[in-house]
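*Asks:* Numbering that gives the first Met the number 0 numbers the first residue of the first sequence as 0 and each following residue consecutively.
Beta carbons: idealized from backbone N, C-alpha and C, even for Gly.
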Amino acid sequence: MQLYQQQQIKIHNSLTGKKEIFKPINEGHIGMYVCGPTVYSNVHLGNVRTFMSFDMIFRYLKHLGYKVRYVRNITDAGHLENDADTGEDKITKKARLEQIEPMEVVQRYTVDFHNILNTFNFLPPSIEPTATGHIIEQIELIKTIIDNGFAYEVNGSVYFDVHKFNKSHEYGKLSKRKLDDLIHNTRALDGQSDKKNPQDFALWKKAEPQHIMRWPSPWSDGFPGWHLECTAMSTKYLGEQFDIHGGGMDLKFPHHECEIAQNEAAIGKSPVNYWMHANMLELNGQRMSKTTGNTVNPDELLSGNNKFFSKAYAPSVIRFFIAQSSYRSVLDLTDEGLLASEKGFFRLMDAINLLETLKASDKSTIDIQAWKKACYDAMNDDFNSPILIAHLFDAAKYINQVKEGQASVTSEDLKVLAETINTFTFDILGLENVTKKESGTDKLSGAVDLLIKLRQEARANKDFALSDKIRDELAEVGIQLKDGKEGTTFSVN
RNA sequence: GGCGUCAUGGCCGAGUGGCUAGGCAAAGGUCUGCAAAACCUUGUACAGCGGUUCGAAUCCGCUUGACGCCUCCA
């Protein structure tokens, strides 16, 4: 019996705008695709937030016993800079700017991306395919769409015929747009386009002579269009229809809309059962933007080397901060917010670290099974991590109460409590117990225990000058002493 | 201009047609040699204006404001 057979998940489906009971296509198996980064610059913090949300979702689904194939692509083929035919590939542009090979740019920023995600304790996806590794699949997909009559070739480029598609299908159903509205609101393009209609989008672009990234195709030496790679790779690894497709809110239109259109045009089926969109991350109440300077890189946030934040924050603190809001809400990144989360985070860690010191009684003063169920209920409700965290704090309070002798727990319940809180905090939220030192722990705690003992003696002798000196100077090097009923413990900040 | 999302206490941030979210901050108390930590107690919030309802902050309409997409962007 797997856990998922006892838990019923609800997911907010962008397609319907409602929370729906989640039912995978194949029982016990889940296919999940998330649009990955374009590796032409350092990974964006907002990007990290989105992937972190899906990392948590991936972790929870796995915890429930599902066999999850999680595919997150790397876009390394570059997207067009604009609609015009003179549009330059983003990656090519950067390469020229920096006088290096396109694939060198891709390599550098792919490594950066992985480094950042590792720092944040991400689980790797099951498959991380690259767009350049799937050119053949994309060409085959274009052929099929042309054969089905939904694309046309002009001067070596191939475009998706949105108007024709819309006659038999519903273009815009994900983003709730009507083609008529789009027609009336499309700006006039500068220069000439080969497209029949401005709403059409490229499946294949003929490469200009100076364009370095290019592949042969039946139509021209060129490169695939913006939206094609995700369709090709999701179909290849997850099948024509799969369970969950995620990404940032800003990808809803046109990117995801076009993915649906490509799938329906090629295969005749809508590819995804549950579309999930993570909301935006703001910095001090405003969208992050390189042009206005209102932006901070993940490594700058982690190092504290930036002008927005008063200090460096541990990766788990940032993770905790993000988990304290719902993935569907706009989240405002501020120094105050991070400071508040940091305090809460360490309070939670301190409580968890007290678990092994708790003494069991013959009676529990809370209903541990009800608490455990509440944790699952929170995550089952569209992965509501803020509610889960509220329950974790309830447990922290309970742990402290038991420690203080104001509450009690049976050894059986203590086991359930410890197991559950560890599972949700570390396995599912992906937090790391940073107050526990990995190496040198024994030596450090041996030394601090000695100081604690000396301080005890000083206090017994009423030599408070000495005892306070030990306490205060330890605090200065980041070691906080905590006097409790059972003696003194310490934590390292 | 079009489409969409959202407006919650000092701050952050959930949720809900009638019953405590939670965190941070604040105040009082317990403990302590004094502190810190921990625990206990306290705050009665839901943009404005109408409407539906026995009852709405929660549903509907309008107004105002913020944000996203419509052009690469998670």
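Taking the alpha helix (DSSP H) that M31 belongs to, which residues open and close that run?
*Replies:* No alpha helix (DSSP H) contains M31, which is instead part of the beta strand (DSSP E) from H28 to V33.
*Asks:* Could you give the first and the last residue of the continuous beta strand (DSSP E) run that contains F382?
*Replies:* Unbroken run through F382: none, as it is neither H nor E.
*Asks:* Beta-carbon within less than 8 angstroms of S328's beta-carbon, same chain only, minus the 5 sequence neighbours each way: which residues are those?
*Replies:* Result list for S328: N278, in chain order.
*Asks:* Roughly how many angstroms lie between the CA atoms of A187 and V110, to the nearest whole one?
*Replies:* Only weak support is given to the placement of A187: the predicted model assigns it a pLDDT of 48, under 50, and the value that follows is read from those uncertain coordinates. Going from the Cα of A187 to the Cα of V110 covers about 39 angstroms.
*Asks:* Does the beta-carbon distance from N262 to T234 come in below 9 angstroms?
*Replies:* In contact: N262 and T234 (Cβ atoms closer than 9 angstroms).
*Asks:* For L332 versus E281, is the C-beta distance shorter than 9 angstroms?
*Replies:* Going by C-beta atoms, L332 is nearer than 9 angstroms to E281.
*Asks:* Is V161 near D193, with beta carbons less than 9 angstroms apart?
*Replies:* The answer is no: Cβ separation not under 9 angstroms.
*Asks:* Which runs of the alpha helix (DSSP H) spanning at least 4 residues fall entirely within the segment 143-176, listed in chain order?
*Replies:* The qualifying runs are 161-167.
*Asks:* Taking just the CA atoms, how far does Q405 sit from G171?
*Replies:* Cα-Cα distance, rounded: 58 angstroms.
*Asks:* Taking C-alpha atoms, which residue in A76, A265 and I259 lies nearest to A206?
*Replies:* If we check each option's Cα against that of A206, A76 comes out closest.
*Asks:* Can you have a look at K484 and say buried or exposed, based on whether 16 or more other CB atoms are within 10 angstroms of its CB?
*Replies:* The residue in question, K484, is exposed, as its Cβ has fewer than 16 Cβ neighbours within 10 Å.
*Asks:* Can you give the Cα-Cα distance for A359 and V447, rounded to whole angstroms?
*Replies:* So the two alpha carbons sit approximately 27 angstroms from each other.
*Asks:* Can you give the Cα-Cα distance for A265 and Q6, rounded to whole angstroms?
*Replies:* For A265 and Q6, the distance between alpha carbons rounds to 36 angstroms.
*Asks:* Residues in the same chain with beta-carbon distance under 7 angstroms from K436, minus the five sequence neighbours each way, listed in chain order, please.
*Replies:* Its pLDDT being 42, under 50, K436 is placed unreliably in this model, and the value from its coordinates should be taken loosely. L443 and V491, listed in sequence order.
*Asks:* So for A394, helix, strand or coil by DSSP?
*Replies:* Here A394 sits in helix by DSSP.
*Asks:* For a test of the three-state rule: what should DSSP assign to T129, helix, strand or coil?
*Replies:* In this structure, T129 counts as strand in the three-state DSSP scheme.
*Asks:* Using only the alpha-carbon positions, how far apart do V33 and N72 sit?
*Replies:* Their Cα atoms are separated by approximately 7 angstroms.
*Asks:* Starting from F221 and walking both ways along the beta strand (DSSP E), at which residues does that stretch end?
*Replies:* According to the sequence as given, residue 221 is Gly; it is not Phe. Note, G221: beta strand (DSSP E), G221 to P223.
*Asks:* Express the C-alpha separation of K89 and Y39 in angstroms, rounding to a whole number.
*Replies:* One C-alpha to the other measures close to 7 angstroms.
*Asks:* Can you check which of these residues, H255, A201, E239 and A150, is closest to K175 by C-alpha distance?
*Replies:* Here the closest residue by C-alpha is H255.
*Asks:* Count the other CB atoms, across all protein chains shown, that sit within 10 Å of the CB of E335; report buried if there are 16 or more and exposed otherwise.
*Replies:* Result: exposed.
*Asks:* Consult DSSP for L473 and reduce its assignment to one of helix, strand or coil.
*Replies:* In this structure, L473 counts as helix in the three-state DSSP scheme.
*Asks:* When you compare only the Cα positions, how much space is there between I99 and V105?
*Replies:* If you take the alpha carbons of I99 and V105, they lie about 11 angstroms apart.
*Asks:* I'd like the list of long-range same chain contacts for F57, defined as Cβ closer than 8 angstroms, with 5 residues on each side in sequence excluded.
*Replies:* The residues are M31, V67, Y69, L122 and P124.
*Asks:* Let me confirm a value: N304 is counted as buried when at least 16 other C-beta atoms fall within 10 Å, else exposed. Which label applies?
*Replies:* Exposed, by the Cβ-count rule.
*Asks:* Looking only at its chain, what residues have a beta carbon closer than 6 angstroms to the beta carbon of N114, apart from the 5 residues adjacent to it on each side?
*Replies:* If we look at N114 and ignore the five residues flanking it on each side, it has no Cβ neighbours.
*Asks:* Just list the residues that DSSP pairs W370 with in beta bridges.
*Replies:* According to DSSP, W370 bridges with nothing at all.
*Asks:* Between Y273 and L227, what straight-line distance do the alpha-carbon atoms span, to the nearest angstrom?
*Replies:* When rounded, the distance between both Cα atoms is 20 angstroms.
*Asks:* Looking at S13 and K251, is the spacing between their C-beta atoms short of 9 angstroms?
*Replies:* Going by C-beta atoms, K251 is nearer than 9 angstroms to S13.
*Asks:* D482 to I317, Cα distance in whole Å?
*Replies:* Going by the C-alpha atoms only, they are around 29 angstroms apart.
*Asks:* What would DSSP say about D414, mapped onto helix, strand or coil?
*Replies:* Note that residue 414 is Lys in the sequence shown, not Asp. K414: helix per DSSP, three-state reduction.
*Asks:* Please identify the residue among G486, R48, L60 and N399 whose C-alpha is closest to the C-alpha of P36.
*Replies:* Ranking the options by Cα distance to P36, first place goes to R48.
*Asks:* Work out the CA separation of T291 and S523 for me, nearest whole Å.
*Replies:* For residue 523 there is no data in the structure shown, the boundaries of the chain being 0 and 492.
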